[in-house]
Each structure stands twice: as structure tokens, then as C-alpha cells.
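Quick note on this note's numbering: the sequence shown kicks off at 73 and runs consecutively. We put the CB at the ideal spot given by N, CA and C, even for glycine.
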Amino acid sequence: MKQVLLVVYSIIVLGCSNHQTFILNDTEANKYFVSESINHAIKENQIDKSPLIVINGIPFKYNKKQDTILLPLKKSDILNLEFLNQNSSRIIYNEKENAGAIIITARIKD
């Protein structure tokens, strides 16, 4: 009985611990371009599951409880994508939440 409860508990914990999917406002082929990089950074422990997103120096506000976050960019708009670890992002952006940051430099549209 203990083993069954352990398996059920593990499934619940793992199922509830999914992080957000960050998608671009782009074609289906380019939609997950940023998400792949973010997932890699999370696996490498560079950032946490709900990082601060900064686009051209402006923090992008999003609901951290949502599963899918739509970024207002296309792949062709992104010039550079960098990650800040939890300590660096807290020092630079003075955020109370210490989850790291994604710094996106994008083309400025005329």
C-alpha cells in the first residue's frame, strides 16, 4: 500500500510541477524557438521555472500561474537572448522573486 501511495504522490508532484511554455507570436515552425532555449537554461540551473523576462530593457509582465506565455515577438525580431542567474537578476532588477531573468534584445519596429 505504501508503494502505491508513493507512486501516486510522485505522479501528482511531477504533474503539478510543470513550468510555463514560452511561445512566440510567429509561424508554427518558429513558435517554440525561445521555449527550447529557456528549457535548456532551466535544465542547466541558469534560471528557475518562472523567470523575469526583459525585452529591450523593459520587464515583460505575465501571469506566472499560466501554462502558456505568449511573447509579442517573432523569431526574426530577436537579435540576442541571454540568461541571468538568480543572484544576478536580483541585483540588477531588484526583484523580490529570485528566479533568474531572460534578457531579450529585439529589433525596434518603426
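Nearest in C-alpha terms to Tyr104, of all of Lys146, Asn152, Gln138, is Lys146.
Straight across, the Cα-Cα distance linking Ile174 with Lys181 is about 21 angstroms. Membership of Glu100 in any alpha helix (DSSP H) is not indicated, and neither H nor E is assigned to it by DSSP.
Apart from sequence neighbours up to five positions away, the residues of its chain that approach Ile119 with a beta-carbon distance below 6 angstroms are Ala113, Phe155, Gly172, ordered along the chain.
In summary, Pro144 is exposed, with fewer than 16 beta-carbon neighbours lying within 10 Å of its beta-carbon over all protein chains present. Close CB contacts of Phe94 within its chain, under the 7 angstroms cut and outside five residues either way in sequence, are with Val106, Ser107, Ile110, Ile141, Leu143 (chain order).
The straight-line gap separating the alpha-carbon atoms of Ile130 and Asp149 is approximately 16 angstroms.
If you look at Ile127, you'll find it in the beta strand (DSSP E) that goes 124-127. Partner residues in the beta bridge of Leu96, as assigned by DSSP, are Leu143.
The distance from the Cβ of Gln92 to that of Gln138 is about 6 angstroms, consistent with a contact at the 8 angstroms cut-off.
Note that the C-beta distance between Ile127 and Ala178 is below 8 angstroms. In the DSSP annotation of this structure, Asn166 is not part of any alpha helix (DSSP H), being labelled neither H nor E.
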